[in-house]
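Taken in sequence, the protein lines are chains X and V. Under the numbering used here, think of the first position of the first sequence as 1, with each following residue one higher. Under the numbering used here, think of the first position of the second sequence as 1001, with each following residue one higher.
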Amino acid sequence: MKPGKDSETEKEKEERYRTARLVGTLGSIPLLLGSGPMIGWLFGRWLDTKLGTEPWMQFVWVVLGFVAVIRSIAQMLRRAQRDLDRM
Amino acid sequence: MNGIEGLGPGFIHRVERTSLVAGSIGLLMLWAYVGPSALYGGVAGLALTLLNLRLLEILFRNLLRPEPQWNRRVAAALLLKLPLLMGGAALSLYVLRLPPLWFSVGFSFPLAVALLKVLGQMVNHRMSGGAPDRTTATKSVRHGVHTVSLVLGILGLASLVLALGLGLFTRATVDGDLERWVGAPAAVAQEHGSDTHAGDTHAGDAHAADTHAADGHAADGHGDTHGEHSAHPEFPNWIHILYVFNPDAEWAQFLQKYNTPIFSLLVIAMIAMIAMAASRNPKMVPGPLQNAVEMGVEGFHEFVSGILGRDAKRYLPFLGTLFVYIWFSNLLGLIPLQKAPTSVYNTTLALAICVFAYVQFTGLTRLGPVKYVKHLMGDPEDAIGWAMVPLLFPLHLIGELAKPLSLSLRLFGNILGEDVLLAVFGGLGVTVIATLMGTESAPFGVPFHLPFIFLSILLGSIQALVFTLLTTLYFSQVLPHEEHEEHAATGHGDPVGVHH
Chain X
1 MKPGKDSETE KEKEERYRTA RLVGTLGSIP LLLGSGPMIG WLFGRWLDTK
51 LGTEPWMQFV WVVLGFVAVI RSIAQMLRRA QRDLDRM
Chain V
1001 MNGIEGLGPG FIHRVERTSL VAGSIGLLML WAYVGPSALY GGVAGLALTL
1051 LNLRLLEILF RNLLRPEPQW NRRVAAALLL KLPLLMGGAA LSLYVLRLPP
1101 LWFSVGFSFP LAVALLKVLG QMVNHRMSGG APDRTTATKS VRHGVHTVSL
1151 VLGILGLASL VLALGLGLFT RATVDGDLER WVGAPAAVAQ EHGSDTHAGD
1201 THAGDAHAAD THAADGHAAD GHGDTHGEHS AHPEFPNWIH ILYVFNPDAE
1251 WAQFLQKYNT PIFSLLVIAM IAMIAMAASR NPKMVPGPLQ NAVEMGVEGF
1301 HEFVSGILGR DAKRYLPFLG TLFVYIWFSN LLGLIPLQKA PTSVYNTTLA
1351 LAICVFAYVQ FTGLTRLGPV KYVKHLMGDP EDAIGWAMVP LLFPLHLIGE
1401 LAKPLSLSLR LFGNILGEDV LLAVFGGLGV TVIATLMGTE SAPFGVPFHL
1451 PFIFLSILLG SIQALVFTLL TTLYFSQVLP HEEHEEHAAT GHGDPVGVHH
């Protein structure tokens, strides 16, 4: 939390933008959820052509991608929660 | 937080209701524009997602309460949810072979509605000063917000169409893939007579090209930009017009080839001129331009410093530039004969790559190479942590890459969708007149797209803000954690303090 002489207005200002931040954060979830598996799939496909393991790497990396974004979404939500708790 | 009211089972119910009404309208439009196969795909997607929401509502109603209730309905909902979703999707896409694009659109529609409802509610909450207020003014604001949400929902549908239809990375593949995914081009003029087979998924290429030409012809004054490069309706821009009139001239070909960078340069020139005009002769009592720009910068600084705290000043130039550039780019598409550079994936991808590179560079320099690599490995502290590194490292890497991808896709999808929507409605206006006159084309049209222009202004601004906001959050994630930072600050002060 930011210190300041007129902490009242500081707090008000912060509160004003907190909602916007929250909406932005939560709104980014659906696309992020799709992007992870997409990255995973692209990487997996590349690996498949390199290693000749079609279609296994694609499958594995799509799942990994999904797990990865779930993880980063959880992280984001934790942040958002902390943001809210500070209010 | 004192809360946004009504985000409970009741909210889901309202989302269901709105999605049903707005979705039905959207599906009718789909039927008219694309054809029956799109309608079936959309209906299947929408039905499946509404069913899913219904199950969610049951779960929420029973479990999210002071004394959670466990009954047969809850158990059934829990058990059915996933198999129903997967089974429904498999049935629609693999057995019935419905077009995946329209299925996805129908399926994601309620998500857009929900998001917009939350947004509307938050705006509403802010405007009523956080207290439930029932004055006429707030009621009308509430009403307005809901109306806007509804229309934005339909707008969101268009952007989803395009975001999902991406074959990825270049305009040409996007166009090609869009046609393949949709099954038939989104023909503006195909609303009368022999259009029953327009939406047939198996429409041959020749046929597709046919309907396309007819479309361009009917929407003469507006949508005739399809030409060689574009499978979606789009308002003509001056470069394209020059090219159409001088197809053999080398300079016209050059302009046409590099039209997006040229529009980008135009945006940059505009921003530079405004910035120079505003700061050339700063006064203590500022003129209107200086005043507006100063207010903008100040507001933006507050917005960023809420997230980055004392680091805000360091990253403000980059973030501010990003915001202003994207905002101007989005709005440029609304000016007649111009085009939004952000409606091309290359532009948004380039922006996202810049963000990615700068964020990683920031992480590397602020954390130091050792800590940075450790951060990528998930900050292992004990033996178990180190054992997890081979798993966590790729996960972290994907997570980092997914963020710029989703950033760029969101911006591109929204702006392109918005442009297409404007063109489709503009073309519809021309078609209506042509039909009334009984001719192939008309010299003017009903400006059906006018309301969407106002909405595009709103949407373009929101998208610019969202892109910047997510970039800021992305920065805040790689900067040293607050605890460390505070610790460090008490140790040796901070060179980039930004407090007023």
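Glycine included, C-beta positions come from ideal geometry on N, C-alpha and C. As the structure is a computational prediction, the values presented were derived from the model and not from experiment.
Exercise for the section: Find out if the Cβ-Cβ distance for the pair Gly1041 of chain V, Gly1088 of chain V is shorter than 8 Å. Expected result: no
Handout entry: Proximal residues to Ile73 of chain X (C-beta, below 8 Å), its chain only, five neighbours per side dropped
Key = Ile29, Leu32, Leu33
Handout entry: Proximal residues, the stretch 1399-1415 of chain V versus chain X, C-beta separation under 9 Å
Key = So the list reads Gly1399, Glu1400, Leu1401, Ala1402, Lys1403, Pro1404, Leu1405, Ser1406, Leu1407, Leu1409, Arg1410, Gly1413, given in the order they occur along the chain.
Exercise for the section: Kindly indicate if chain V contains any beta-carbon less than 8 Å away from that of Lys2 of chain X. Expected result: At Lys2 of chain X, the pLDDT of 43 sits below 50, so the modelled position is not reliable; the number obtained from the coordinates is stated separately. Answer yes: the Cβ-Cβ gap between Lys2 of chain X and chain V drops below 8 Å somewhere.
Exercise for the section: Quick one: list the residues of chain V neighbouring Met38 of chain X, beta-carbon separation under 8 Å, in chain order. Expected result: Ala1402, Leu1405
Problem - Proximal residues to Gly44 of chain X (C-beta, below 6 Å), its chain only, five neighbours per side dropped - result: Met57, Gln58, Trp61
Exercise for the section: Sort out for me which residues DSSP pairs Asn1291 of chain V with in a bridge. Expected result: None; Asn1291 of chain V has no bridge partner.
Exercise for the section: Answer with yes or no whether the minimum CB distance from Leu1078 of chain V to chain X is below 8 Å. Expected result: By the rule that beta-carbons nearer than 8 Å mark a contact, Leu1078 of chain V does not touch chain X.
Practice task
Using beta-carbon positions only, say whether Asn1346 of chain V and Thr1471 of chain V come within less than 8 Å of one another.
Solution key: no
Problem - Cross-strand partners of Leu64 of chain X (DSSP beta bridge) - result: According to DSSP, which records beta bridges pairwise, Leu64 of chain X is partnered with nothing at all.
Exercise for the section: Could you tell me whether any Cβ in chain X is nearer than 8 Å to the Cβ of Pro1394 of chain V? Expected result: yes
Practice task
Please compile the residues from chain V whose C-beta is within a distance smaller than 7 Å of the C-beta of Pro30 of chain X.
Solution key: Leu1111
Handout entry: Residues of the stretch 52-84 of chain X with Cβ closer than 7 Å to any Cβ of chain V, in chain order
Key = Residues of the stretch 52-84 of chain X whose Cβ lies closer than 7 Å to any Cβ of chain V, in chain order: Leu64, Gly65, Val67, Ala68, Val69, Arg71, Ser72, Leu84.
Exercise for the section: List the whole-angstrom C-beta distance separating Ser1476 of chain V from Ile1307 of chain V, where the pair is believed to meet the contact cut-off of C-beta under 8 Å. Expected result: 5 Å
Handout entry: Inter-residue spacing [alpha-carbon to alpha-carbon] between Thr1435 of chain V and His1449 of chain V
Key = 18 Å
Practice task
Would you list the one or two residues that DSSP bridges to Asn1237 of chain V?
Solution key: V:Leu1337
Exercise for the section: Taking the CB atoms as reference points, tell me whether Ala1340 of chain V and Ile1415 of chain V lie closer together than 8 Å. Expected result: yes
Practice task
Tell me whether Phe1328 of chain V is buried or exposed, calling it buried when 16 or more other Cβ atoms sit within 10 Å of its Cβ.
Solution key: buried
Problem - Sufficient close CB pairs (3 or more, under 8 Å) joining the stretch 1422-1436 of chain V to the stretch 1348-1368 of chain V - result: no
Handout entry: Own chain partners of Arg71 of chain X with C-beta closer than 7 Å, once the 5 adjacent residues on each side are dropped
Key = none
Practice task
Please report how far the alpha carbon of Ser1456 of chain V lies from the alpha carbon of Asp1419 of chain V, in whole angstroms.
Solution key: 8 Å
Exercise for the section: Compare the C-beta of Leu1050 of chain V against all C-beta atoms of chain X and say whether one is closer than 8 Å. Expected result: no
Handout entry: Alpha carbon of Asp1215 of chain V to alpha carbon of Glu1234 of chain V, nearest angstrom
Key = For Asp1215 of chain V, the predicted model reports a pLDDT of 38, less than 50, meaning its position is unreliable and no value from the coordinates is stated.
Practice task
Compute the Euclidean distance between the alpha carbons of Arg1072 of chain V and Leu1079 of chain V, then round it to the nearest angstrom.
Solution key: C-alpha separation (whole angstroms): 10 Å.
Problem - C-beta contact flag for Ser35 of chain X and Ser1108 of chain V at 8 Å - result: no
Problem - Contact list for Leu1046 of chain V against chain X, beta-carbon separation under 9 Å - result: What Leu1046 of chain V touches in chain X: nothing, since even the nearest Cβ is about 16 Å away.
Practice task
Name, going along the chain, the residues of the stretch 1469-1481 of chain V whose beta-carbon falls closer than 9 Å to a beta-carbon of chain X.
Solution key: Taking 9 Å as the Cβ-Cβ cut-off against chain X, the residues of the stretch 1469-1481 of chain V that qualify are Leu1469, Leu1470, Thr1472, Leu1473, Ser1476, Gln1477.
Exercise for the section: With distances taken Cα to Cα, identify the nearest neighbour of Leu1473 of chain V among V:Lys1403, V:Phe1245, V:Ala1112, V:Ala1423. Expected result: V:Lys1403
Practice task
Answer yes or no: do Ala962 of chain V and His1301 of chain V have a C-beta to C-beta separation smaller than 8 Å?
Solution key: In the structure displayed, chain V extends from 1001 to 1500; residue 962 of chain V sits before or after that span and is not available.
Exercise for the section: May I have a chain-ordered list of the beta strand (DSSP E) segments no shorter than 3 residues that lie completely inside the stretch 1068-1107 of chain V? Expected result: none
Problem - Interface flag, Ala1184 of chain V vs chain X, CB-CB below 8 Å - result: Model confidence at Ala1184 of chain V stands at a pLDDT of 36, short of 50, so the residue's coordinates are unreliable; what they give is reported in the following sentence. Closer than 8 Å: no.
Problem - Nearest neighbour of Leu1422 of chain V, chosen from V:Gly1399, V:Pro1451, V:Gly1438, V:Tyr1258 [CA to CA] - result: V:Pro1451
Problem - 8 Å Cβ cutoff met for Ile1453 of chain V and Leu1334 of chain V - result: yes
Exercise for the section: Note down, in chain order, each residue of its chain lying with its Cβ closer than 6 Å to the Cβ of Ala1077 of chain V, except the 5 sequence neighbours on either side. Expected result: Excluding sequence neighbours, Ala1077 of chain V sits near Leu1055, Ile1058, Leu1059.
Exercise for the section: Measure the alpha-carbon distance for Leu1084 of chain V versus Leu1096 of chain V and round it to whole angstroms. Expected result: Taking the straight line joining both Cα atoms gives about 16 Å.
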